[in-house]
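Chains as they are written, first to last, in the numbering used here: chain S, 276 to 418; chain Z, 276 to 418.
Heads up, the beta-carbon is just placed ideally off N, CA and C, and yes, glycines get one too.
Notes follow the structure.
Number of protein chains: 2
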Amino acid sequence: MSTAPDRYVQLLAQHSLRNTAMRRAVLELLSRTPFALSSHDIEQELGPGVDRITLYRTLKSFEEKGLIHRVPENSDVSKYAACSIECSQHAHFDNHVHFKCTNCQHVYCLNQVSIPVVTLPAKFEAITRDYLLAGVCRECQPA
Amino acid sequence: MSTAPDRYVQLLAQHSLRNTAMRRAVLELLSRTPFALSSHDIEQELGPGVDRITLYRTLKSFEEKGLIHRVPENSDVSKYAACSIECSQHAHFDNHVHFKCTNCQHVYCLNQVSIPVVTLPAKFEAITRDYLLAGVCRECQPA
DNA sequence: ACGTAAATGCATCAATGTTTCAAATACAGA
DNA sequence: TCTGTATTTGAAACATTGATGCATTTACGT
Ligand SMILES: [Mn+2]
Ligand SMILES: [Mn+2]
Ligand SMILES: [Zn+2]
Ligand SMILES: [Zn+2]
Numbered sequence: 276m277s278t279a280p281d282r283y284v285q286l287l288a289q290h291s292l293r294n295t296a297m298r299r300a301v302l303e304l305l306s307r308t309p310f311a312l313s314s315h316d317i318e319q320e321l322g323p324g325v326d327r328i329t330l331y332r333t334l335k336s337f338e339e340k341g342l343i344h345r346v347p348e349n350s351d352v353s354k355y356a357a358c359s360i361e362c363s364q365h366a367h368f369d370n371h372v373h374f375k376c377t378n379c380q381h382v383y384c385l386n387q388v389s390i391p392v393v394t395l396p397a398k399f400e401a402i403t404r405d406y407l408l409a410g411v412c413r414e415c416q417p418a
Numbered sequence: 276m277s278t279a280p281d282r283y284v285q286l287l288a289q290h291s292l293r294n295t296a297m298r299r300a301v302l303e304l305l306s307r308t309p310f311a312l313s314s315h316d317i318e319q320e321l322g323p324g325v326d327r328i329t330l331y332r333t334l335k336s337f338e339e340k341g342l343i344h345r346v347p348e349n350s351d352v353s354k355y356a357a358c359s360i361e362c363s364q365h366a367h368f369d370n371h372v373h374f375k376c377t378n379c380q381h382v383y384c385l386n387q388v389s390i391p392v393v394t395l396p397a398k399f400e401a402i403t404r405d406y407l408l409a410g411v412c413r414e415c416q417p418a
């Protein structure tokens, strides 16, 4: 009756994170959900058992280790999504555009659409880029 | 000894906002500063007299009326910058790129650089776009 | 199976922002 | 210029997000 060596246990090990119930649950939830989730969303989804502080710490270490990335939501609440497989502690490779639906409020990672490069004024050196669109998503289009 | 009919009084009137001390002060500060300021920054700059709650409300109405725009800082604090002259309550026209310096933490509006358009997957309809770069700014470049 | 470093759970604290309501004030109209 | 009224302000209370310190528990290398 040992725990099946599932995908998430492996992912945690690969990123030097210990295998705990909370971590497995959060990782599973974010991998399964097709849009970004806030800390509050995750708390709701995981049910009443979860400790808010532990969840914050989980999200923080996941972000540091390259398991998830924070979506540049321009509101006051952070939302998180699973990273592409090649992200690590040392470098994030989530160079895709994000899309926030003004109707359902969901934020999608558009992994197919990469962020275009712009020419900057002299002496500005860019290292990271974020591109956030807002509008109406696929699900919310009027017939 | 009447108040000189200055630029800010005019701007307020044009956007259907009453002429108050707080509003003049905030508008003047944001117009004069070459990078975006947080609510906290503004509080510091304006000195100990300012009421925090009134300031929040000032920023909120300025944003609604199209006098300032919120910069999509991916951290937990909102920063504000003066809008281009043609913004109004009904439409913002700040289609420029923003740049956050990882050294001095300042966020600049790069008004010269407009946001490139991307091709979205079917059925996604974009209405607004935000593009935030991070890196080293002009002032912080090593010699 | 053990020892230890890491993670958890809980209390406490801090920052940001909203709401409610009475008092003050800007400004349109007389 | 005076006056009435809708807007704005200032203060207290509240809500939410998140960090920190510390004792206890747990995961995992040996
Ligand atoms: Mn993403
Ligand atoms: Mn700007
Ligand atoms: Zn939608
Ligand atoms: Zn700088």
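- Between H290(S) and L334(S), the beta carbon gap of about 14 Å keeps them out of contact (Cβ cut-off 8 Å).
- With 6 Å as the limit between CB and the heavy atoms of ligand 3, the residues that fall short of it are C376(S), N378(S), C379(S), H381(S), C412(S), E414(S), C415(S).
- Taking the Cα positions, Y331(S) is about 15 Å away from G322(S).
- For A356(Z), the Cβ falls inside the 6 Å cut-off from some heavy atom of ligand 2.
- For D316(Z), the uninterrupted alpha helix (DSSP H) segment begins and ends at 314–321.
- Not one heavy atom of ligand 2 is found less than 6 Å from the C-beta of D316(S).
- In the DSSP annotation of this structure, the continuous segment of the alpha helix (DSSP H) that includes L302(Z) starts and ends at 296–307.
- Between the segment 370–385 of chain Z and the segment 341–357 of chain Z there are three or more inter-stretch CB-CB distances shorter than 8 Å, so the stretches are counted as touching.
- Apart from sequence neighbours up to five positions away, the residues of its chain that approach V301(S) with a beta-carbon distance below 8 Å are I317, L321, L330, T333, L334, F337, ordered along the chain.
- At least one heavy atom of ligand 2 falls within 6 Å of the beta-carbon of C384(Z).
- With a threshold of 7 Å between beta carbons, I328(Z) makes no contact with chain S.
- By a beta-carbon distance limit of 8 Å, R413(Z) contacts K398(S). Their separation comes to about 4 Å.
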